[in-house]
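A.B. asks:
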Amino acid sequence: AVHVRQTDKLQLDKPDSWQLSAPIITARIIDCAGALGFIGVFIASDCASLKADVAQRVARSGLRVATFDALLSRADSQPSHKDLSLDRRQNAEDCLVECLLMSRCGALLSSWSNVSVAAVFFARKGYRQ
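Following our numbering, the numbering of the sequence shown begins with 314 at its first residue and continues without gaps.
Here it is, written out as structure tokens:
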């Protein structure tokens, strides 16, 4: 599983400190999957456009890609949990579903977030992060 915290991470950090672009994320996913012998990856993010871009790039590498169609903000810089135009309950449910899906994968490649920590918490023994 891959979880990339993007929207509110950008708000918390200095703009020049955040260097993870779709090509860099994709390269890390491909390297990690290869090192672990995985043939596929589940991708989750709080940024809809980044999630779609990375999923397409990873799929072109030959890895199988799975995603969950979570309710996310249409504004890439707007965290979904702070977007008042979204159904808050649906957004929370979708976040939990993605978290539980990530916990069922064999390993986690992630940026720091409460969601990635929860995925590790719900995972079985032997989960690699």
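Positions of the beta carbon are idealized from the N, C-alpha and C atoms, including for glycine.
All figures in this text were calculated on a predicted structure; none of them were measured in a lab.
Please state the DSSP three-state secondary structure of Ala388.
C.D. replies: Correct three-state label for Ala388: coil.
A.B. asks: Suppose you measure from the CA of Val433 to the CA of Gln403; what does that come to, to the nearest Å?
C.D. replies: Approximately 22 Å, taken between the alpha carbons.
A.B. asks: Could you spell out the range, first to last residue, of the alpha helix (DSSP H) harbouring Ala467?
C.D. replies: The structure shown does not extend to residue 467, since the chain is modelled only from 314 to 442, so the question has no answer here.
A.B. asks: From Ser386 to Ser358, what distance separates their C-alpha atoms?
C.D. replies: Computed Cα separation, rounded: 11 Å.
A.B. asks: What does the Cβ neighbour count give for Ile338, buried or exposed, with the cut at 16 atoms within 10 Å?
C.D. replies: It is buried - the Cβ of Ile338 has at least 16 other Cβ atoms within 10 Å.
A.B. asks: Compute the Euclidean distance between the alpha carbons of Gly419 and Tyr440, then round it to the nearest angstrom.
C.D. replies: Distance between the alpha carbons of Gly419 and Tyr440: 6 Å.
A.B. asks: Which value, in whole angstroms, describes the spacing of the CA atoms of Val430 and Leu376?
C.D. replies: Their Cα atoms are separated by approximately 25 Å.
A.B. asks: Closer than 6 Å by C-beta to Asp396: which residues in its own chain qualify, once you throw out the five before and the five after it? Chain order, please.
C.D. replies: So the qualifying residues of the chain are Ser386.
A.B. asks: Ignoring anything shorter than 3 residues or poking outside the region 344-393, list the beta strand (DSSP E) runs there in chain order.
C.D. replies: List check, beta strand (DSSP E) in window: 353-358, 377-380.
A.B. asks: Indicate the three-state DSSP secondary structure (helix, strand or coil) for Ser423 in the structure shown.
C.D. replies: Looking at Ser423 - three-state DSSP - the assignment turns out to be strand.
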